[in-house]
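Here the sequence shown is numbered in our numbering, starting from 33 and rising by one per residue. Input: a single structure, listed below in structure tokens.
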Amino acid sequence: MAEASGTMRVEVVSPERILFSGEAKQVITRTLEGGEVAFLPGHAAFLGALTENHTRIYLVDGSIQNLAVHLGFVEVGADHVTILSDSAELEQDIDVARAKAAKERAETQMRTEHSTEVEADLRRAHARLSAAGGLNSSH
Ligand code: ATP
């Protein structure tokens with residue numbers, strides 16, 4: 033049983049494809065209302081809306097699958113965590129140069145116009161750079 037072995041099934045899915053599917057020990061993501069949240073096996077049922085964030089999936093082999101998730105939902109049960117998002121990228125698929133360029137573009141725009149759209153552009157760029165290890169050393 034997944035719970036007894038201390039793992040749970042984690043899936044990250046977009047309407048077109050399954051981005052990630054596997055067993056994990058923990059998932060850390062960020063909800064709109066609750067900030068950063070950690071889910072472990074055996075967690076109570078939970079449904080939350082996600083903000084643009086650097087999500088971490090702690091795999092059974094001790095490694096971490098980092099990913100950028102841009103809005104969507106997380107659905108949690110005792111033996112699973114499912115993230116549904118229109119837009120998400122695995123660490124290994126993130127183009128760091130592109131995200132840096134997007135961040136600089138958004139920061140430049142912010143100086144002249146403070147639109148919610150530019151703020152969202154910046155949050156996506158930050159999530160990508162953080163997931164790709166380009167924002168800080170702690171990753
Ligand atoms: P840009 O300004 O660089 O296009 P964006 O935030 O406007 O960035 P989105 O509209 O969020 O881009 O995404 C469009 C598509 O490009 C999505 O499929 C997304 O996964 C992909 N994408 C965007 N930026 C990157 C990146 N830095 N690395 C990998 N994929 C990216």
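All C-beta atoms, glycine included, are put in the ideal place defined by N, C-alpha and C.
Please indicate yes or no: does the CB of residue i lie closer than 7 angstroms to some heavy atom of the ligand ATP?
i, result
"His146", "no"
"Arg160", "yes"
"Ser117", "no"
"Asp111", "no"
Suppose you measure from the CA of residue i to the CA of residue j; what does that come to, to the nearest Å?
i, j, result
"His158", "His102", "11 angstroms"
"Val150", "Ala138", "6 angstroms"
"Leu99", "Ala164", "8 angstroms"
"Phe78", "Leu72", "12 angstroms"
"Leu122", "Gly67", "21 angstroms"
"Gly109", "Thr140", "42 angstroms"
"Ser119", "Arg62", "15 angstroms"
"His146", "Asp111", "42 angstroms"
How about residue i: is its C-beta nearer than 8 angstroms to some C-beta of chain B?
i, result
"Phe78", "Absent from the structure is chain B; it holds one protein chain and no more."
Would you say residue i and residue j are within 8 angstroms of each other, going by their C-beta atoms?
i, j, result
"Val59", "Val42", "yes"
"Phe52", "Ala81", "no"
"Lys57", "Gly38", "yes"
"Glu84", "Arg155", "yes"
"Leu161", "Val128", "yes"
Using CA atoms only, rank isn't needed, just tell me which of the options is closest to residue i.
i, options, result
"Asp125", "Glu84, Gln97, Met142", "Gln97"
"Lys132", "Thr61, Met40, Val92, Asp153", "Asp153"
"Thr87", "Ala76, Asp111, Ser117", "Ser117"
"Val92", "Arg130, Glu55, Ile50", "Glu55"
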